[in-house]
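Listed in order, the protein sequences are those of chains Z and Y.
Its first residue numbered 2, the first sequence is counted upward by one per residue in my numbering.
Its first residue numbered 260, the second sequence is counted upward by one per residue in my numbering.
Glycine included, each C-beta is placed from N, C-alpha and C at the ideal position.
Predicted, not measured: the structure shown is a model, and the values here were computed from it.
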Amino acid sequence: MTIKLSDVSIGMELPALDLAFTRADLIAYANASGDQNPIHQDEEFAKSVGLPDVIAHGMLTMGRAIQVVTNWVGDPTAVIDYSVRMTRPVIVPNTAEGSVVSFTGKVAQINDDGTVQIDLGAVFGETKVLGLAKATVRLAQ
Amino acid sequence: MGMNHDMIGHVYPPSKPYLVTSENISAFVKALGDTNPAYADGTVAPPTFPIVVTMNAMDTAFHDPALQLDYSRLVHSDQKFEYLRPIRVGDELTVAASVEEIKPLGTNEIATFKTDVFSGDELVVTGWSKIVVRGPEA
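Next comes the structure, spelled out in structure tokens:
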């Protein structure tokens with residue numbers, strides 16, 4: 002099913018997404034993105050710079066949050082802009098389950114040019130890990 | 260010592276071309292854990308894929324001695340992308356990074372880097388990365 006502009010109303014909630022972040026995910030993301038900063042892989046190093054444990058790449062969190070939008074729209078190329086503030090890190094313990102982040106999205110605005118602004122949320126436990134997260138999509142008419 | 264404000268507006272030379280392959284796209288999609296079928300054939304890149312090239316280009320700027328940026332105290336705080344078109348397999352990406360803003364924020368400094376991503380001569384994505392450089396502890 003393709004979401005059309007006529008299906009959308011302000012305040013509409015997009016299907017939420019819970020995603021686990023594991024140490025293996027961080028290694029895969031480091032290799033795929035080229036960001037090999039040891040704070041994302043090496044527990045001893047992370048602690049030596051004052052972090053409670055290894056933390057996820059902020060850009061991995063950003064890359065996962067947009068899936069709320071792209072899963073809903075179907076076509077990821079419908080996204081015309083996307084921005085986030087990385088407010089708090091996702092702490093990733095060395096466990097099989099890792100840390101689960103809950104991602105949400107809501108239609109915030111329908112623009113005159115027919116594009117739609119989605120406000121996104123990303124919460125880890127009680128902590129908001131992304132702020133000011135929003136994306137604009139162009140939907141089928 | 261803070262960042263050199265004379266560098267505001269400075270444009271760095273374009274980065275070396277980066278050829279987008281379906282392997283690069285698929286590895287990135289897999290690392291994101293993104294199961295959207297639109298990525299199955301590895302021809303179109305996800306929205307945050309441009310970071311692969313923009314971060315590299317900014318790294319060159321971060322380490323430019325003229326900027327006087329203390330890399331060990333740097334935190335990436337905000338990221339924005341505006342897409343003119345999606346990045347696709349076969350694109351040869353180059354990045355023109357520039358220093359858009361440097362300003363104090365309490366004892367910290369914040370800087371915004373603009374990264375124009377081109378495939379050949381065509382501008383495909385513009386990124387903005389805001390960083391915070393933490394000031395000395397009181």
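Where residue i falls, given that 16 or more other Cβ within 10 Å makes a residue buried
i, result
"aspartate 265 of chain Y", "exposed"
"alanine 25 of chain Z", "exposed"
"tyrosine 330 of chain Y", "exposed"
"lysine 389 of chain Y", "buried"
"isoleucine 40 of chain Z", "buried"
"alanine 136 of chain Z", "buried"
"valine 101 of chain Z", "exposed"
"isoleucine 92 of chain Z", "buried"
"isoleucine 361 of chain Y", "buried"
"threonine 294 of chain Y", "exposed"
"valine 19 of chain Z", "Residue 19 of chain Z is actually aspartate in this sequence, not valine. Exposed, since its Cβ has fewer than 16 Cβ neighbours within 10 Å."
"threonine 71 of chain Z", "buried"
"histidine 335 of chain Y", "buried"
"glycine 115 of chain Z", "exposed"
"serine 274 of chain Y", "buried"
"serine 34 of chain Z", "buried"
Where residue i meets chain Z, residues with beta-carbon distance less than 8 Å
i, result
"glutamine 327 of chain Y", "Within chain Z, no residue comes near glutamine 327 of chain Y; the closest Cβ sits about 21 Å away, beyond 8 Å."
"proline 345 of chain Y", "Pro77 and Thr78"
"aspartate 398 of chain Y", "Absent from the structure is residue 398 of chain Y, since the part of chain Y shown begins at 260 and ends at 397."
"tyrosine 303 of chain Y", "It should be pointed out that residue 303 of chain Y corresponds to valine in this sequence rather than to tyrosine. Those within 8 Å of valine 303 of chain Y in chain Z are Pro77 and Thr78."
Between the CA atoms of residue j and residue i - distance to the nearest angstrom
i, j, result
"serine 281 of chain Y", "threonine 105 of chain Z", "29 Å"
"isoleucine 308 of chain Y", "glycine 379 of chain Y", "The question names isoleucine, yet the displayed sequence has phenylalanine at residue 308 of chain Y. If you take the alpha carbons of phenylalanine 308 of chain Y and glycine 379 of chain Y, they lie about 17 Å apart."
"threonine 88 of chain Z", "leucine 131 of chain Z", "5 Å"
"phenylalanine 340 of chain Y", "glutamine 42 of chain Z", "26 Å"
"proline 324 of chain Y", "leucine 121 of chain Z", "38 Å"
"alanine 397 of chain Y", "glutamate 368 of chain Y", "Confidence at alanine 397 of chain Y is low in this model, with a pLDDT of 49, below 50, so the placement of that residue should be treated as unreliable; the coordinate-derived value is given next. In a straight line, the C-alpha of alanine 397 of chain Y is about 15 Å away from that of glutamate 368 of chain Y."
"valine 74 of chain Z", "glycine 51 of chain Z", "40 Å"
"leucine 352 of chain Y", "proline 306 of chain Y", "15 Å"
"valine 9 of chain Z", "leucine 133 of chain Z", "21 Å"
"proline 276 of chain Y", "glutamine 68 of chain Z", "28 Å"
"leucine 343 of chain Y", "valine 384 of chain Y", "6 Å"
"histidine 269 of chain Y", "leucine 364 of chain Y", "21 Å"
"valine 311 of chain Y", "asparagine 38 of chain Z", "14 Å"
"valine 272 of chain Y", "threonine 374 of chain Y", "In the sequence as presented, valine is not what sits at residue 272 of chain Y; that position holds proline. Going by the C-alpha atoms only, they are around 11 Å apart."
"lysine 289 of chain Y", "alanine 29 of chain Z", "8 Å"
"glycine 394 of chain Y", "serine 7 of chain Z", "50 Å"
"methionine 314 of chain Y", "isoleucine 11 of chain Z", "35 Å"
"threonine 23 of chain Z", "alanine 57 of chain Z", "9 Å"
"glutamate 127 of chain Z", "glutamate 381 of chain Y", "43 Å"
"threonine 302 of chain Y", "valine 376 of chain Y", "18 Å"
"glutamine 118 of chain Z", "alanine 109 of chain Z", "6 Å"
Neighbouring residues, chain Y, relative to residue i (Cβ below 8 Å)
i, result
"alanine 29 of chain Z", "Ala286, Lys289 and Ala290"
"glycine 35 of chain Z", "Val311, Met314 and Asn315"
"asparagine 72 of chain Z", "Asn295"
"leucine 20 of chain Z", "Gly292"
For residue i: DSSP bridge partner residues
i, result
"glycine 386 of chain Y", "Y/Phe340 and Y/Thr374"
"glutamine 142 of chain Z", "According to DSSP, glutamine 142 of chain Z bridges with nothing at all."
"glutamate 282 of chain Y", "Bridge partners of glutamate 282 of chain Y: none, in fact."
"arginine 86 of chain Z", "Z/Gly132 and Y/Asp337"
"proline 94 of chain Z", "Beta-bridge pairing links proline 94 of chain Z to no other residue."
"arginine 347 of chain Y", "Y/Val303"
"leucine 15 of chain Z", "Z/Gly106"
"glutamine 118 of chain Z", "Z/Gln110 and Z/Thr137"
"isoleucine 56 of chain Z", "Z/Ile92"
"glutamate 236 of chain Y", "What the structure shows of chain Y is the stretch from 260 to 397, and residue 236 of chain Y is not part of that stretch, so it cannot be assessed."
"phenylalanine 22 of chain Z", "Z/Ser100"
"threonine 353 of chain Y", "Y/Phe377"
Chain-ordered neighbours of residue i on chain Z, where CB pairs are closer than 7 Å
i, result
"lysine 307 of chain Y", "The residue asked about is misnamed: residue 307 of chain Y is threonine in this sequence, not lysine. The contacting residues are Met60, Met63, Gly64 and Ile67."
Residue i vs residue j beta-carbon contact at 8 Å
i, j, result
"methionine 317 of chain Y", "alanine 355 of chain Y", "no"
"lysine 5 of chain Z", "alanine 141 of chain Z", "yes"
"isoleucine 346 of chain Y", "valine 391 of chain Y", "no"
"alanine 297 of chain Y", "proline 16 of chain Z", "no"
"alanine 304 of chain Y", "isoleucine 284 of chain Y", "yes"
"leucine 291 of chain Y", "arginine 65 of chain Z", "yes"
"glycine 386 of chain Y", "glutamine 327 of chain Y", "no"
"isoleucine 267 of chain Y", "valine 348 of chain Y", "no"
Proximal residues of chain Y, C-beta to C-beta of residue i below 7 Å
i, result
"isoleucine 119 of chain Z", "Going along chain Y, no residue has its Cβ under 7 Å from isoleucine 119 of chain Z, so there is no contact; the nearest lies around 12 Å."
"arginine 24 of chain Z", "Per Cβ cutoff of 7 Å: no residues; arginine 24 of chain Z is ~13 Å from chain Y at best."
Interface residues of chain Y facing residue i [CB-CB closer than 9 Å]
i, result
"isoleucine 81 of chain Z", "Glu341, Tyr342 and Leu343"
Short CB-CB distance (under 8 Å) between residue i and chain A
i, result
"leucine 15 of chain Z", "You won't find chain A in this structure, because its protein chains are Z and Y."
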